[in-house]
Amino acid sequence: MTRSAAVAALLAGAGLLPAHAQSVWAQAAFDGKSIDDVIKGLGIAKPVASADITFTAPDIAENGAVVPISASTALPGVKRIAFLVEKNPTTLAGIFEFTDAVETSVKTRIKMAQTCNVLAVAIMGDGKVLYAQKEVKVTLGGCGG
Amino acid sequence: MSDPMRIRAQTQGSGAVVRVLMSHEMETGLRKDAAGKTIPAWHITEVSAALNGKTVLTAQWGTAIAKNPFTEFVVKGAKAGDKISISWVDNHGDRRTDEATVA
Amino acid sequence: MTRHALGATLAAAALFALPAMTQAQTSADGIAQYRALLADGNPAELWEAKGELLWKQKRGPKNASLEACDLGKGAGIVKGAFVELPRYFADTKRVQDLESRLLSCVEQVQGFNAAEIAATPFGRGEQVNLEALVAYVAAESRGMKFNLSQAHPEERKMFEAGKRIFYFRGGPYDFSCASCHGEAGKRIRLQDLPDLTKNPGDGVGFAAWPAYRVSSGELWGMQRRLNDCYRQQRFPFPGYASDATIALGTFMGVQGQGAVSIAPSIKR
Amino acid sequence: MTMKINPLAVIAALLAGCVTAPPSSQELDQFTQAIMSSSFREQGIAKLDRLAQDELQQACSGEKPPSEDVAKRLEAAQLATVKWPSDGVYLGDWREGEKLAQNGRGMTWTDPAGVPSGGNCYNCHQISKTEISYGTIGPSLYHYGKLRGVTDPAAPASSEMVRYTWGKLWNAKATNACSNMPRFGHAGVLTPAQIRDLMALLLDPSSPVNAQ
Chain A
1 MTRSAAVAAL LAGAGLLPAH AQSVWAQAAF DGKSIDDVIK GLGIAKPVAS ADITFTAPDI
61 AENGAVVPIS ASTALPGVKR IAFLVEKNPT TLAGIFEFTD AVETSVKTRI KMAQTCNVLA
121 VAIMGDGKVL YAQKEVKVTL GGCGG
Chain B
1001 MSDPMRIRAQ TQGSGAVVRV LMSHEMETGL RKDAAGKTIP AWHITEVSAA LNGKTVLTAQ
1061 WGTAIAKNPF TEFVVKGAKA GDKISISWVD NHGDRRTDEA TVA
Chain C
2001 MTRHALGATL AAAALFALPA MTQAQTSADG IAQYRALLAD GNPAELWEAK GELLWKQKRG
2061 PKNASLEACD LGKGAGIVKG AFVELPRYFA DTKRVQDLES RLLSCVEQVQ GFNAAEIAAT
2121 PFGRGEQVNL EALVAYVAAE SRGMKFNLSQ AHPEERKMFE AGKRIFYFRG GPYDFSCASC
2181 HGEAGKRIRL QDLPDLTKNP GDGVGFAAWP AYRVSSGELW GMQRRLNDCY RQQRFPFPGY
2241 ASDATIALGT FMGVQGQGAV SIAPSIKR
Chain D
3001 MTMKINPLAV IAALLAGCVT APPSSQELDQ FTQAIMSSSF REQGIAKLDR LAQDELQQAC
3061 SGEKPPSEDV AKRLEAAQLA TVKWPSDGVY LGDWREGEKL AQNGRGMTWT DPAGVPSGGN
3121 CYNCHQISKT EISYGTIGPS LYHYGKLRGV TDPAAPASSE MVRYTWGKLW NAKATNACSN
3181 MPRFGHAGVL TPAQIRDLMA LLLDPSSPVN AQ
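In order, the protein sequences belong to chains A, B, C and D. Here our numbering is used: the first residue of the first sequence is 1, the next is one more, and so on. Here our numbering is used: the first residue of the second sequence is 1001, the next is one more, and so on. Here our numbering is used: the first residue of the third sequence is 2001, the next is one more, and so on. Here our numbering is used: the first residue of the fourth sequence is 3001, the next is one more, and so on.
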């Protein structure tokens, strides 16, 4: 299925490696220790709750090390979706940037330090910022030893 | 050297669902080893996906993306035989690119 | 997101909207929903792929591939081997589980030092490669039913020893394997405990390991699973591929006869 | 299905060494013991003496529990080991007790020597209402004191239940020979002070076990 190493060199030559393809690394946002910090770091407007953003996360995470989440929207103007974890040591988990060639929909898995809200923040081309959130309970599992 | 990714790209409707598993520690920089020394952060920072060589999706990741990351997305208009390639780079500057054919 | 997966997610969400559920039901369903969300995309696949490459690759002092390794169904035959292990091997005159058999193979075929690998801590050196091989061999029997032989007297002896070891209580906590795995429907914290004194069902217990552990982000074979059980039992350290662990594998495998293997699975 | 076996033929075969008789139960016990001693090694604080069973562990290591008579005798012997608090103080601080109940650490080969053990309680029991991650190997202990009518643990009316609970925590085998519960006091897993804190968690009317 996966052809690998040889392709890497080819693609590197074609300038397709991430460093060339992506907007500037959002250091300030990734350093943020609160939702406000991240909003400031990304230089975006205050997010408004929206039913147009579909956000899926489990009610309970059997282990905070891996929490499966997904976000999608049918709104045409959404360019980026950022995932924020309210009570993690650093709030921003990741930002996905969509072109017109993909659906505005992504699944990923995050780490959570404790029970808290997780937010999917959708940033639109016209500067509007929408979000959906859900509380995920992180439980202690196993024998605890 | 890093291990290869597992990429599955399957046609569905008018596009293709792409599922990617990457082999990476995604160390937070907050954990301590047995000797009490902080294990430095080591994580993928940027990811990009391309369809037949043209970038379709990019991402920036922090330390809170889970170890051995899994990501899924849908490429519009992708057909069987098309090439999907995924690249990542981490904060050590290590890079990896793997490719799969849409089935 | 696939339509199918989205449908399942919405169904799960609807389930949760129901009021007046007891707390226990709610948390059990919550965990089930979490596991369903994880099912698609098991990082164990990364180990399976690596294991397949390792199996076919010429390695070790003898620069040989493991395609000359006999896992019980003939040299190089991987498919179906996992669900018949542990079994008796005439060449080593021992009952062996997957890990101990792989140790014999990397020593005999490739010239590695098996004792040295057995003494290497999990997740280091050649142990990392063994974990990948274990994932690959198990994956080649995914969907097949456990079918352990009890034809050889040594196999029956190991089953009897395994049963005795399963019920052996010791250590400061008085625990045996049966303390946690002797009754159906019990759990530790929120984790269900399979009843290993009988066939606990398809893809449960013995039929779910090796597995990708979400908690550590590592692939655990049965040897590592048993090792950590004994650690939590507050016992001394069972040697890697030691006879006690193989006897337990024989006991659990024979009890689980007919169960469909889903290994490598994904576990908390 | 029955098979007709000619006893003389069997003996002849045995004498000729052609057929190996299946090992006896005693031989299998010895075989198991040999396997155990060759398979385990000490690691960290987990020494090999942990495999040396006491009378109770040995009696409770069968597929079936021991007979009622044996169980009764074992329980009496275990009861005799219970050390009651010398100062008559049975209850400590339920807040510390809750922390202990949550803590599943201690005494494994990865634990350093001298670190106090946790109580492991939530691994097997429901206790307070707020902790949803609890095990079910043991019975629910939610409302433990309340359900048993303990409104004032210091009152004489409570003394029987207080003593019973202390005994259960110190040596669970005193009331149920082959109980799955560790003998926390007897085996030195928990100190008397820690057991007092767990007592408070279970019996103090203001603890979350009884108050919520």
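Think of the CB as a built atom: it goes at the ideal place given N, C-alpha and C, for glycine as much as any other residue.
Going by DSSP, which residues form a beta bridge with residue i?
i          : result
Asp1090(B) : Ile1044(B)
Ser72(A)   : Thr54(A), Ser105(A)
Thr1101(B) : Lys1083(B)
Pro2236(C) : Partner(s): none; Pro2236(C) has no beta bridge.
Gln27(A)   : In the DSSP output, where bridge partners are listed per residue, Gln27(A) has none listed.
Leu1051(B) : Lys1054(B), Ile1084(B)
Glu2107(C) : DSSP, once it has assigned bridges, lists no residue as partnering Glu2107(C).
Using a cut-off of 9 angstroms between C-beta atoms, extract the partners of residue i located in chain A.
i          : result
Thr1038(B) : The contacting residues do not exist; Thr1038(B) stays about 13 angstroms from chain A at best.
Taking Cβ-Cβ distances shorter than 8 angstroms, what residues in chain B pair up with residue i?
i          : result
Glu2045(C) : Arg1006, Leu1021
Gly2041(C) : Arg1019, Leu1021, Phe1070, Glu1072
Contact check, residue i vs residue j under 8 angstroms by CB: the rounded distance?
i          : j          : result
Ala1100(B) : Ala1009(B) : 5 angstroms
Pro2061(C) : Gly2111(C) : 3 angstroms
Leu3074(D) : Ala3177(D) : 4 angstroms
Ile69(A)   : Ala82(A)   : 12 angstroms between Cβ atoms; not a contact.
Ala2161(C) : Ala2247(C) : 4 angstroms
Ala93(A)   : Leu84(A)   : 7 angstroms
Ala1059(B) : Glu97(A)   : 7 angstroms
Asn1091(B) : His1024(B) : With a Cβ gap of about 11 angstroms, Asn1091(B) and His1024(B) do not count as contacting.
Glu86(A)   : Ile35(A)   : 6 angstroms
Using a C-beta to C-beta distance shorter than 7 angstroms, which residues of chain B count as neighbours of residue i?
i         : result
Val149(A) : No answer is possible for residue 149(A): it lies beyond the span of chain A, which begins at 1 and ends at 145.
Ser50(A)  : Going along chain B, no residue has its Cβ under 7 angstroms from Ser50(A), so there is no contact; the nearest lies around 21 angstroms.
Of all the options the options, which has the alpha carbon lying nearest to the alpha carbon of residue i?
i          : options                                        : result
Tyr2034(C) : Gly127(A), Glu97(A), Thr139(A)                 : Thr139(A)
Gln2272(C) : Tyr2240(C), Ala2207(C), Gln2255(C)             : Nothing about residue 2272(C) can be reported from this structure: the residues present for chain C run from 2001 to 2268 only.
Arg1006(B) : Thr1071(B), Asp1090(B), Ala1034(B)             : Thr1071(B)
Met3107(D) : Leu3198(D), Arg3196(D), Val3189(D), Leu3202(D) : Val3189(D)
Pro3205(D) : Ser3024(D), Tyr3142(D), Phe3184(D), Cys3178(D) : Tyr3142(D)
Asp126(A)  : Ala82(A), Thr115(A), Leu75(A)                  : Leu75(A)
Trp3109(D) : Val3070(D), Ser3179(D), Gly3044(D), Phe3184(D) : Gly3044(D)
Ala1103(B) : Ala1049(B), Ala1064(B), Ala1078(B), His1092(B) : Ala1078(B)
Leu3213(D) : Thr3136(D), Ser3133(D), His3125(D), Ser3025(D) : Limits of chain D in this structure are 3001 at one end and 3212 at the other, which puts residue 3213(D) out of reach.
Glu2099(C) : Ser2215(C), Thr2250(C), Ala2241(C)             : Ala2241(C)
Ala2132(C) : Arg2268(C), Glu2048(C), Gly2249(C), Pro2236(C) : Glu2048(C)
Val78(A)   : Thr99(A), Lys107(A), Val24(A)                  : Thr99(A)
Ala101(A)  : Ile1084(B), Val1089(B), Gly1093(B)             : Ile1084(B)
Trp1061(B) : Glu1046(B), Phe1073(B), Val1075(B)             : Glu1046(B)
Ala3077(D) : Thr3175(D), Ser3067(D), Lys3047(D)             : Thr3175(D)
Glu3098(D) : Pro3116(D), Val3082(D), Ser3086(D), Ser3128(D) : Ser3128(D)
Tyr3134(D) : Pro3023(D), Asn3103(D), Pro3085(D)             : Asn3103(D)
Trp2220(C) : Lys2073(C), Ser2179(C), Ala2044(C)             : Ala2044(C)
Ala1041(B) : Val1074(B), Ser1087(B), Met1026(B)             : Met1026(B)
Val2134(C) : Ala2211(C), Ser2215(C), Leu2038(C)             : Ala2211(C)
Interface residues of chain C around residue i at Cβ under 9 angstroms?
i          : result
Asp1090(B) : Near Asp1090(B) there are no residues of chain C at all, since even the closest Cβ is about 15 angstroms away, more than 9 angstroms.
Arg3183(D) : Pro2172, Tyr2173, Asp2174
Glu3055(D) : Result: empty, since nearest Cβ-Cβ is about 11 angstroms, beyond 9 angstroms.
For a contact meaning CB atoms closer than 8 angstroms, what does residue i contact in chain D?
i         : result
Gly41(A)  : Correct list: empty, because the minimum Cβ distance to chain D is about 34 angstroms.
Thr139(A) : Ile3132, Ser3133
At a CB-CB cut-off below 7 angstroms, which residues of chain C make contact with residue i?
i          : result
Tyr3122(D) : Arg2189
Cys143(A)  : Ile2188, Gln2232
Lys1067(B) : Gly2217
Who are the neighbours of residue i on chain C, taking C-beta pairs under 8 angstroms?
i          : result
Asp3029(D) : Arg2164
Val3189(D) : Pro2172, Tyr2173
Who are the neighbours of residue i on chain B, taking C-beta pairs under 9 angstroms?
i          : result
Lys2050(C) : Asp1003, Pro1004, Ser1023
Below 7 angstroms on C-beta distance, what does residue i contact in chain A?
i          : result
Tyr2034(C) : Pro58, Ile60, Ala61, Glu62
Arg2169(C) : In chain order: nothing, as chain A lies at least about 17 angstroms away.
Thr1045(B) : Trp25
Ala1041(B) : Result: empty, since nearest Cβ-Cβ is about 10 angstroms, beyond 7 angstroms.
Whose Cβ in chain D lies nearer than 9 angstroms to the Cβ of residue i?
i          : result
Cys2177(C) : Correct list: empty, because the minimum Cβ distance to chain D is about 11 angstroms.
What are the residues in the region 3032-3052 of chain D lying within 7 angstroms of chain C by C-beta distance? Thr3032, Ile3035, Met3036, Ser3038, Ser3039, Phe3040, Arg3041, Glu3042, Gln3043, Ala3046, Lys3047, Leu3048, Arg3050, Leu3051
Going along the region 60-80 of chain A in order, which residues come within less than 7 angstroms of chain C, judged by CB to CB distance? Ile60, Ala61, Glu62, Asn63, Ala65, Val66, Pro68, Ser70, Ser72
Could you please tell me which residues of the region 3098-3122 of chain D, in chain order, have their CB closer than 9 angstroms to any CB of chain A? Gln3102, Asn3103, Gly3104, Arg3105, Gly3106, Met3107, Thr3108, Thr3110, Asp3111, Gly3118, Asn3120, Tyr3122
Contact set between the region 2213-2244 of chain C and chain B, restricted to residues whose Cβ is under 7 angstroms from the partner: Gly2217
Please identify, using Cβ separations under 9 angstroms, the residues of the region 84-103 of chain A that lie next to chain B, in order along the chain. Val85, Asn88, Pro89, Thr90, Thr91, Leu92, Ala93, Gly94, Ile95, Phe96, Glu97, Phe98, Thr99, Asp100, Ala101, Val102, Glu103
With 7 angstroms as the limit, tell me which residues of the region 105-124 of chain A have their beta carbon closer than that to any beta carbon of chain B; keep them in chain order. Ser105, Val106, Lys107, Thr108, Arg109, Ile110, Lys111
According to a CB-to-CB cut-off of less than 8 angstroms, which residues of the region 2086-2105 of chain C neighbour chain A? none
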